[in-house]
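Chains as they are written, first to last, in this note's numbering: chain R, 8 to 315; chain F, 8 to 315. Cβ coordinates follow ideal geometry from the N, Cα and C atoms, glycine included.
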């Protein structure tokens, strides 16, 4: 199978590339390399089963060349500004990197007759809700530009599917951790503690509590998706969750640090647009036969350990 | 109150302009005049309470000039490609005219500190569903680029509201009819019957059945909205509905035509992206004290009569 991974050099994209090449796919990665990542793909350069294009996914002319040079059976769309916090300061970041990339890919797929897409969506599309989040939960009110850009992407995927016979699997990711992290609490805490092992600034009150999925579990989830007619929306996650304070504890333990002084910036949310607490209903993806192998705490610990 | 009406020269925009000027507002209309309309606003030119700017709403530099020259208490965002059928042939039409206009306005409001928006949304955001459509109905799957562009607009309005304290009223319109129509079944049937009063081509099987709201009722609905903190979503419509075949009958009656031969193009939908049948739950807007004065059939008849 010929696949395109948009955002293939990103944190999750690299792990997906590994898995798809292991599964015997011919993989084309397209990535603007905003978060680095070329070195993680170097082992495949020169292989007949792998091509890499450094490009802005919004560059439709470049996409036309890539689609013309390959005949894609499926597009994995992971290209996005994955740093929600950074995007909060400038709405144009998520507009371009998280939303326009989707429209650009949909247009290319329409022009070149590509028929299958997996879209990396997010819990952020639900907004700040306390109930268990189900795929058919209504009244979705994203509170971040990132969440809006992902929900707007889902909207366009729906119409392009209906108008052009696209089969799309919209997989809503929770927080994802593992080797190769480029940002997030685990990444930040390690960086801060390396600078100063005596104290740790923690954004918010530390009580934010979310499910963290281990990246290999998420890649398995993506590979277990089906592509029936139309659009299939599916949460991917773990039933457990980890507080930000617990992440700090785990990182300190893994770094062998005792008596670190925590300094909380305060407030329920870590930053504007942060959803402090959520959990998924996972009955749909469990019915597909997939289940995460790592709990949220285990995922955080393993990610911390392998990032040191 | 100073208001901006984006799309103020369009079919609904002109009626809203009349109502807001009657209500004592200072009205600024901005419109690209893609559907004409300048002549309908000529009576106000030169008035101290009215300004008109011919501009693409996506032109953010032009919007900056307009926002800098006025201090808007509220923005009515009616700018869109209102011809869903036409947009089906080229996704860039609704992307630009229906979606980018929203982002452009949100950016201008953010830069200039404008705090209130009424957004003209649509039943098309729900997609093709047979249940009574409620504001909190989930699993929204627009099947037209128009519906996607409106739902994507709602997504960004939600995030801009949370991030910038915007109070937004998202009003989901059904089909709207009245004097000054620029497209749609009533408009098309009159045009076709003027060319050939003996026969009438009807798109689909004629059984499509939707609520048609009279434009003055819709304007009343818009004026009765509240703007609490955050985003308020509200269906606006009528409890009755009219089939496309019934519209043909009403138009023929109003034109005094007998024995017109109907030729159906066939199929449940009139065109790709057409939702053949829907109805709203209206309990939310009725609780606000608003109720349409005209039934759907009355609205169609009055619109036909006043369009002759």
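Beta carbon of residue 331 of chain F, beta carbon of residue 140 of chain F: below 8 Å? Residue coverage of chain F in this structure runs from 8 to 315, which leaves residue 331 of chain F outside it and unanswerable.
Using a C-beta cutoff of 8 Å, does residue 95 of chain F count as contacting chain R? It does; some Cβ of chain R falls within 8 Å.
For the region 82-165 of chain F, which segments carrying the beta strand (DSSP E) assignment without a break, of at least 3 residues, lie completely within its bounds, in sequence order? Whole beta strand (DSSP E) segments, 3+ residues: 123-129.
C-alpha distance - residue 207 of chain F paired with residue 196 of chain F, whole-angstrom precision: Just so you know, the alpha carbons of residue 207 of chain F and residue 196 of chain F end up roughly 7 Å apart.
State yes or no: is the C-beta of residue 187 of chain F within less than 8 Å of the C-beta of residue 47 of chain F? Yes.
Less than 8 Å between the C-beta atoms of residue 242 of chain F and residue 179 of chain F, yes or no? Residue 179 of chain F is positioned such that its CB atom lies closer than 8 Å to that of residue 242 of chain F.
Enclosing alpha helix (DSSP H) for residue 65 of chain F [first to last residue]: Premise fails: residue 65 of chain F is in no alpha helix (DSSP H) and is neither H nor E.
From the DSSP output, in three-state form, read off residue 38 of chain F for me. The answer is strand: DSSP assigns residue 38 of chain F an E or B state.
Would you identify the three-state DSSP class for residue 216 of chain R, choosing helix, strand or coil? Under the three-state reduction of DSSP, residue 216 of chain R is assigned to strand.
Residues of chain F with a CB under 9 Å from the CB of residue 142 of chain R: which are they? Near residue 142 of chain R (Cβ distances below 9 Å), the residues of chain F are 145, 146.
Using beta carbons (cut-off 8 Å, strictly below), is residue 159 of chain F in contact with chain R? Closer than 8 Å to some Cβ of chain R, the Cβ of residue 159 of chain F qualifies, so yes.
Could you tell me which residues DSSP puts in a beta bridge with residue 242 of chain F? Its beta-bridge partners are F:179.
Contacts that residue 110 of chain F makes with chain R (C-beta to C-beta distance below 7 Å): When 7 Å is used as the limit between beta carbons, residue 110 of chain F is near these residues of chain R: 102, in chain order.
Helix, strand or coil: which one does DSSP assign to residue 201 of chain F? It is helical.
Do residue 85 of chain R and residue 20 of chain R count as a contact pair if the criterion is CB distance below 8 Å? Contact flag set, yes.
So, residue 8 of chain R versus residue 36 of chain R, is the Cβ gap smaller than 8 Å? Cβ distance not < 8 Å, so residue 8 of chain R and residue 36 of chain R don't count as in contact.
Three-state secondary structure assigned by DSSP to residue 236 of chain R: Under the three-state reduction of DSSP, residue 236 of chain R is assigned to coil, being neither helix nor strand.
Compute the Euclidean distance between the alpha carbons of residue 264 of chain R and residue 131 of chain R, then round it to the nearest angstrom. When rounded, the separation of the alpha-carbon atoms in residue 264 of chain R and residue 131 of chain R is 33 Å.
How big is the Cα-Cα spacing for residue 251 of chain R and residue 303 of chain R? Their Cα atoms are separated by approximately 12 Å.
What does residue 152 of chain F touch in chain R if you count any residue whose Cβ is under 9 Å from its own? Neighbours of residue 152 of chain F on chain R, chain order: 163, 166, 167, 170.
Just checking: is the beta-carbon of residue 134 of chain F within a distance shorter than 8 Å of some beta-carbon in chain R? Residue 134 of chain F counts as touching chain R.
Give me, in chain order, the residues of the same chain whose beta-carbon lies closer than 6 Å to that of residue 156 of chain R; leave out the 5 immediate sequence neighbours on both sides. Hits under 6 Å: 101, 105, 106.
Do the CB positions of residue 51 of chain R and residue 91 of chain R come within less than 8 Å of each other? Their beta carbons are not under 8 Å apart, which means residue 51 of chain R does not touch residue 91 of chain R by this criterion.
Beta-carbon neighbours of residue 279 of chain F, restricted to chain R and to distances below 9 Å: Under the 9 Å cutoff, chain R gives 169, 170.
Rounded to whole angstroms, what is the Cα-Cα separation between residue 171 of chain R and residue 237 of chain R? Each residue's CA atom was taken as its position, placing residue 171 of chain R and residue 237 of chain R some 10 Å apart.
Select from F:289, F:298, F:275, F:315 the residue whose C-alpha is nearest the C-alpha of residue 261 of chain F. Out of F:289, F:298, F:275, F:315, F:315 has the C-alpha closest to the C-alpha of residue 261 of chain F.
Can you tell me whether DSSP reads residue 206 of chain F as helix, strand or coil? In the structure shown, residue 206 of chain F sits in a strand (DSSP, three-state: E or B).
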